[in-house]
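See structure below.
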Amino acid sequence: QPMADTALFESDLFEGPEKTLTLCFRSRKLAVKSLRQIPREKWAEVLKHAKCEILSEIESAPVASPNKKDSDKRAVRGLTGYLLSESSLFVAETCLTLKTCGTTTPLMALEPLLDLCVPTWRKREAGSYMKYATFQRLGYMRPGDQIDVHTSWDNEVEHMEKFFQGESVILGSAATSMQHVYVANYLPREEVLDVFSTQVALTKLDPNESMARYGGGEKRKAGHGSEFLGGNTPLQDAWTALHGDEPRSVTNNPQLDECFFEPIGFSANGAFGKHFTT
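FYI, in my numbering the residues of the sequence shown are 10 to 287.
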């Protein structure tokens, strides 16, 4: 059985390194007071261009109706996390982060995203409606399997440059998993944002251990913080180690969403305040 598991793991290798597209807009140029007020079905239409779909969603705080008085104040307090067939979409007041893996095509969703969020973007300079835009990914395990603009880093950068004016860099080496980063920054030089992120990439995982932990698909599907094999779901188990247990911390009341995939795979989102873990 272990040999069969290893063969399955290797033959069905899934491209794990994520492609991450982040867009942060100037609020006065948005089509809505908060991106969170855009209906789920509209995000779903845009995500078709990225070749993925929404499976479920969580909210760290309710989204106010755009028709309610003072809704702009209430709608901005939280974050909406969509669990996708390939990773995640996180939507805040003026920013969104689309993380996809496999052979998805998030950059093919860039133009539809701009159409949805800032319908007048074609008539404006990027700096008038954007604060910044970034795209980043690790090196692909099987680059030959990628499609559309994702067949090479040069193509990905060229596509971003159709919409923005930025800079690109490749960090590290093939031996240490190269990080590819594109940044288009339209903020004044003196403006510093308190935005930060931490990413951890795991490589050379044992196939048998991975099958034991993340194989099984529907038989082990967790979903929305439900009980998992008599105990907590994986993200529930790891939450305190990741974020601590300070009673007054915003991390003490997270909304979690977890899912297993066939034949092997696990995806999880956590939303708390204006922050997320995935």
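Idealized CB from N, CA, C, for every residue including glycine.
Predicted model, so just to flag it, every value in this text is computed and none were measured.
Problem set entry | Every unbroken alpha helix (DSSP H) inside the region 175-228 [4 residues or more] | As for any alpha helix (DSSP H) of minimum length 4 sitting wholly inside the region 175-228, the runs are 216-223, ordered along the chain.
For this session: Would you identify the three-state DSSP class for S235, choosing helix, strand or coil?
Result: Counting from one through the sequence shown, the residue named residue 235 turns up at place 226. Because S235 sits at a pLDDT of 44, beneath the cut-off of 50, its placement in the model cannot be relied upon, and the following sentence gives the value as read from the coordinates. Three-state DSSP puts S235 in coil, outside helix and strand.
Problem set entry | Enclosing beta strand (DSSP E) for G279 [first to last residue] | Residue mapping note: residue 279 aligns to position 270 of the sequence shown, counting from 1. Judged by DSSP secondary structure, G279 falls within the beta strand (DSSP E) whose first and last residues are 275-281.
Problem set entry | Stretch-stretch touch, CB-based, cutoff 8 Å, three pairs: the region 154-161 with the region 172-187 | No, they do not touch.
For this session: Go ahead and pull the three-state DSSP assignment for E68.
Result: For the purposes of this step, residue 68 is identified with residue 59 of the sequence shown, where counting begins at 1. If DSSP states are grouped into helix, strand and coil, E68 belongs with the strands.
Problem set entry | Rounded Cβ spacing between V100 and T112 (contact assumed at less than 8 Å) | As a first step, residue 100 is located in the sequence shown; it is residue number 91 there, counting from the start. As a first step, residue 112 is located in the sequence shown; it is residue number 103 there, counting from the start. Not quite, the Cβ-Cβ distance comes to about 24 Å (not below 8 Å), so this is no contact.
For this session: Quick one: measure Cβ to Cβ for L122 and T109, integer angstroms, because I've assumed they're closer than 8 Å.
Result: Within the sequence shown, the letter at position 113 stands for residue 122. Within the sequence shown, the letter at position 100 stands for residue 109. That pair is no contact at about 13 Å.
Exercise. Are the beta-carbon atoms of V166 and Y191 separated by less than 8 Å?
Worked result: In the sequence shown, counting from the first residue as 1, residue 166 sits at position 157. In the sequence shown, counting from the first residue as 1, residue 191 sits at position 182. One thing to note: V166 has its Cβ within 8 Å of the Cβ of Y191.
Problem set entry | A221 burial status per 10 Å Cβ neighbour count (16 or more: buried) | Taking the sequence shown and counting its residues from 1, the one referred to as residue 221 is at position 212. Burial call: exposed.
Exercise. Does the Cβ-Cβ distance between E102 and L30 come in under 8 Å?
Worked result: As a first step, residue 102 is located in the sequence shown; it is residue number 93 there, counting from the start. As a first step, residue 30 is located in the sequence shown; it is residue number 21 there, counting from the start. Taking 8 Å as the cut-off, the beta carbon of E102 is found no closer than this to the beta carbon of L30.
Exercise. Which residues bound the alpha helix (DSSP H) around C126?
Worked result: The residue labelled residue 126 in the question sits at position 117 within the sequence shown. Taken as a continuous stretch (DSSP letters only), the alpha helix (DSSP H) holding C126 covers 119-126.
Exercise. What's the gap between the Cα of A250 and the Cα of R133?
Worked result: Against the sequence shown, residue 250 aligns to sequence position 241. Against the sequence shown, residue 133 aligns to sequence position 124. If you take the alpha carbons of A250 and R133, they lie about 45 Å apart.
Exercise. Helix, strand or coil: how does DSSP classify R37 here?
Worked result: Taking the sequence shown and counting its residues from 1, one reaches residue 37 at position 28. Here R37 sits in helix by DSSP.
Exercise. If you compare alpha carbons, which of E120, R198, L244, H58 is closest to L265?
Worked result: As a position in the sequence shown, residue 265 is number 256, starting the count at 1. Of the candidates E120, R198, L244, H58, the one whose C-alpha sits nearest the C-alpha of L265 is L244.
Exercise. Alpha carbon to alpha carbon, how far is D215 from V41?
Worked result: In the sequence shown, the residue the question calls residue 215 occupies position 206. In the sequence shown, the residue the question calls residue 41 occupies position 32. Cα-Cα distance, rounded: 47 Å.
For this session: With DSSP collapsed to three states, give me the class of M139.
Result: By 1-based counting over the sequence shown, the position of residue 139 is 130. Secondary structure of M139 (DSSP, three-state): strand.
Exercise. How big is the Cα-Cα spacing for F275 and C268?
Worked result: Within the sequence shown, residue 275 is the residue found at index 266, counting from 1. Within the sequence shown, residue 268 is the residue found at index 259, counting from 1. Here the alpha carbon of F275 sits roughly 6 Å from the alpha carbon of C268.
Exercise. With a Cβ-Cβ cutoff of 8 Å, do K140 and L196 count as a contact?
Worked result: One-based indexing of the sequence shown puts residue 140 at position 131. One-based indexing of the sequence shown puts residue 196 at position 187. The answer is yes: Cβ separation under 8 Å.
Exercise. According to the neighbour-count rule (16 or more other Cβ atoms, all chains shown, within 10 Å of its Cβ), is Q46 buried or exposed?
Worked result: As a first step, residue 46 is located in the sequence shown; it is residue number 37 there, counting from the start. Here Q46 is buried, its C-beta having at least 16 other C-beta atoms within 10 Å.
For this session: Would you list the residues sitting across from H58 in a DSSP beta bridge?
Result: Counted from its first residue, the sequence shown places residue 58 at position 49. BP columns for H58 are empty, so no partner.
For this session: Please work out which residues of its chain come closer than 6 Å, Cβ to Cβ, to A142, disregarding the five sequence neighbours upstream and downstream, and give them in chain order.
Result: Counting from one through the sequence shown, the residue named residue 142 turns up at place 133. If we look at A142 and ignore the five residues flanking it on each side, its Cβ neighbours are L32, F173, A193.
Exercise. Which same chain residues, not among the five before or five after V259, have their C-beta less than 6 Å away from its C-beta?
Worked result: The count along the sequence shown starts at 1 and reaches residue 259 at position 250. Counting only Cβ-Cβ distances below 6 Å, and skipping sequence neighbours, we find F281, G282.
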